[in-house]
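Asks: Straight run, no breaks: the sequence shown in our numbering ends on number 369.
Positions of the beta carbon are idealized from the N, C-alpha and C atoms, including for glycine.
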Amino acid sequence: MHIVKDQDLTGKTCLITGANSGIGLEMTRCLSSRGCEVLMACRNPYEATTVVKNVCSDISLLRFYETNLATLRSVKASTDEILKKEKKIDIVLLNAAVFGLPWTVTEDGFETTFQVNYLSQYYLLINIEKILALDARIVFVSSESHRNINWDSHKTLMLSIDQLSLPKDEYTSIRAYNISKLCGLLSMHYLAYRWLHTQKQVFCAHPGSFVKTRLCRNWWVYEALYTFMKPFSKTICQAASTPLYCAISPDLKGVSGIYFKDCKRCSESDIANDLHLSFRLNDLTSDVIRERVGSYDDVIDRVKRDEYGKQHHAEDETVISNYSGTINS
Ligand SMILES: NC(=O)c1ccc[n+]([C@@H]2O[C@H](COP(=O)([O-])OP(=O)(O)OC[C@H]3O[C@@H](n4cnc5c(N)ncnc54)[C@H](OP(=O)(O)O)[C@@H]3O)[C@@H](O)[C@H]2O)c1
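Here it is in structure tokens:
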């Protein structure tokens, strides 16, 4: 794959959620083939170990962390383990997702798609923020389908958890999926703003549409549709290009808060680009996590302290001046 071809990633560490399948597995293969250590956050590390043996040339670069994104308890246990064992993480690829599920609620009381695709991965990121490299890159694997969510101004001003974690009578699997992807884009803008005076970068990447992976496994209609579309869609290898481009390309030095498609900058929907909404989403996300995880305030306080310390001591800090989000209020 040309994105990683000339890159020497020796000494770099990348965490990938959902690294055992589809696009996540391909990114694991590509990055480890260039010397990058990959932390595979998967819900079934045994299965992941078996899969990578057939795919990756050097499995000594891979480490497995059992992470079930359908429970905050599992994410907490996994990130505690990561913090204990790892020193620094340079790249985070928030890639795991579910699609096409019937309505179900997690043990934390959230609609499953919302929790797996967004909430738990945001929580994971905040938990490991302490060991992110000063110039870390975060990539949310996104989707063009975020455009299908169009809240009116009342809904964006009064953002509530029922809008995100859909109740049964408002649920369709595609709507839940689109909302989760919109949340990823909004979080990108929130983090790009929060990290404005640091070297950390955050991007969203659309891999391609109807890429035949296991994403469509939950409903035979989607399985049939993706199979039908396969000759007209990107291969898994091609689909991994844009998230990998965001993760490692030197072209992106000094920029942040940008949505990419086909390895090119692309405008997200107006709602996804609303900085005020991104702050509201962050507040709401923090509140609902805080209600369920007692230690969340400690994590936030620690992150703020570390951020303050790093901002005042890092000598080679560059201010990222071209923040791309807009304030739509
Ligand atoms: N395929 C497409 O056409 C397409 C289009 C746009 C965007 N995307 C995005 O691309 C990303 C990768 O998707 P993919 O197509 O490669 O699908 P995939 O092959 O189904 O991979 C999804 C990954 O997420 C993991 N996952 C699901 N539920 C989990 C949970 N509760 N805890 C931990 N991990 C969990 C899966 O693990 P298990 O194997 O254990 O289930 C799997 O590793 C997703 O963010 C998706 O939204 C895909």
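Between the alpha carbons of glycine 75 and lysine 125, how many angstroms are there, rounded?
Replies: Taking the straight line from one Cα to the other gives about 19 Å.
Asks: Glutamate 151 and serine 205 - do their beta-carbons sit closer together than 7 Å?
Replies: Cβ distance < 7 Å, so serine 205 and glutamate 151 count as in contact.
Asks: Does any heavy atom of ligand 1 sit closer than 6 Å to the C-beta of arginine 83?
Replies: True, at least one ligand heavy atom lies under 6 Å from that Cβ.
Asks: Below 7 Å CB to CB, which residues in the same chain sit around threonine 325 once its five sequence neighbours on both sides are set aside?
Replies: The answer, listed in chain order, is Leu159 and Tyr162.
Asks: How would you write the range of the beta strand (DSSP E) that alanine 81 sits in, first residue to last?
Replies: First-last of the beta strand (DSSP E) with alanine 81: 77 to 82.
Asks: Are the beta-carbon atoms of phenylalanine 139 and leucine 222 separated by less than 7 Å?
Replies: No, the pair does not count as a contact, with Cβ atoms beyond the cut-off.
Asks: Would you say alanine 245 and valine 333 are within 7 Å of each other, going by their C-beta atoms?
Replies: Cβ distance not < 7 Å, so alanine 245 and valine 333 don't count as in contact.
Asks: Please go through the stretch 264 to 327 and give each complete alpha helix (DSSP H) segment of 4 or more residues, from N-terminal end onward.
Replies: Complete alpha helix (DSSP H) runs here, min 4: 276 to 279 and 281 to 288.
Asks: At the level of alpha carbons, what is the spacing between leucine 284 and lysine 208?
Replies: Using only the alpha carbons, I get a separation of about 36 Å.
Asks: According to DSSP, is histidine 246 part of a helix, a strand, or is it coil?
Replies: The answer is strand: DSSP assigns histidine 246 an E or B state.
Asks: Suppose you measure from the CA of isoleucine 189 to the CA of aspartate 130; what does that come to, to the nearest Å?
Replies: The straight-line gap from Cα to Cα measures roughly 32 Å.
Asks: Does the beta carbon of proline 142 fall short of 6 Å from some heavy atom of ligand 1?
Replies: No, ligand 1 has no heavy atom inside 6 Å of this Cβ.
Asks: State the start and end residues of the unbroken alpha helix (DSSP H) segment that holds isoleucine 99.
Replies: Counting along the chain, isoleucine 99 falls outside any alpha helix (DSSP H), and DSSP gives it neither H nor E.
Asks: Helix or strand or just coil, what does DSSP make of glutamine 241?
Replies: In the structure shown, glutamine 241 sits in a strand (DSSP, three-state: E or B).
Asks: Could you check where the alpha helix (DSSP H) with isoleucine 129 kicks off and where it finishes?
Replies: Isoleucine 129 -> not in any alpha helix (DSSP H); beta strand (DSSP E) instead, spanning 129 to 134.
Asks: Express the C-alpha separation of isoleucine 219 and aspartate 202 in angstroms, rounding to a whole number.
Replies: Roughly 11 Å between the two C-alpha positions.
Asks: Would you identify the three-state DSSP class for glutamate 126, choosing helix, strand or coil?
Replies: Of the three classes helix, strand and coil, the one that applies to glutamate 126 here is coil, per DSSP.
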